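The block underneath contains the structure these notes are about, expressed in structure tokens.
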Amino acid sequence: MSGTGNTRCGFVAILGTPNAGKSTLLNRLTGAKLSIVTPKAQTTRFRVLGILMRGDSQILLVDTPGIFRPRRRLDRAMVAAAWTGARDADL
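Just so we're aligned: the sequence shown equals residues 1 to 91 in my numbering.
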């Protein structure tokens, strides 16, 4: 979390298994349709950012692909993107 004066900003990663509702949570918290929501697992393949303003705080929400045991190259890339989102987040 960083800030200057009275303004604060931080990254929050949304992590979970495939189809756990991470994209729905991002859309509801931001009040906008930023991330695709479908019943199909692994729809989110890359990180999606959403900005939530609360008073003098700016929260950057990071929707990540689901975390699961990867079998193919694409699966490994999606899981790696999720863990990168977690590493880069403040919370």
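Glycine is no exception: its CB is placed at the ideal position from the N, C-alpha and C atoms.
Owing to the predicted nature of the structure, the values given are computational and were not obtained by experimental measurement.
Checking 8 Å against the spacing of the C-beta atoms, do residue i and residue j come in under that value?
i: Leu-60; j: Ile-67; result: no
i: Ser-23; j: Val-37; result: yes
Can you say whether residue i is buried or exposed, counting buried as having 16 or more other CB atoms within 10 angstroms of its CB?
i: Asp-63; result: buried
i: Thr-7; result: exposed
i: Thr-44; result: buried
i: Pro-65; result: buried
Select from the options the residue whose C-alpha is nearest the C-alpha of residue i.
i: Gly-10; options: Ala-82, Trp-83, Met-53, Arg-69; result: Met-53
i: Lys-40; options: Leu-26, Asp-88, Thr-17; result: Thr-17
i: Gly-5; options: Trp-83, Arg-47, Asp-56, Arg-71; result: Asp-56
i: Asp-75; options: Ala-89, Gly-85, Phe-46, Asp-90; result: Phe-46
Which of the three DSSP states, helix, strand or coil, is assigned to residue i?
i: Asp-63; result: strand
i: Leu-49; result: strand
i: Arg-54; result: strand
i: Lys-40; result: coil
i: Arg-73; result: helix
Report the partner residues of residue i according to the DSSP bridge assignment.
i: Gly-10; result: Ile-59
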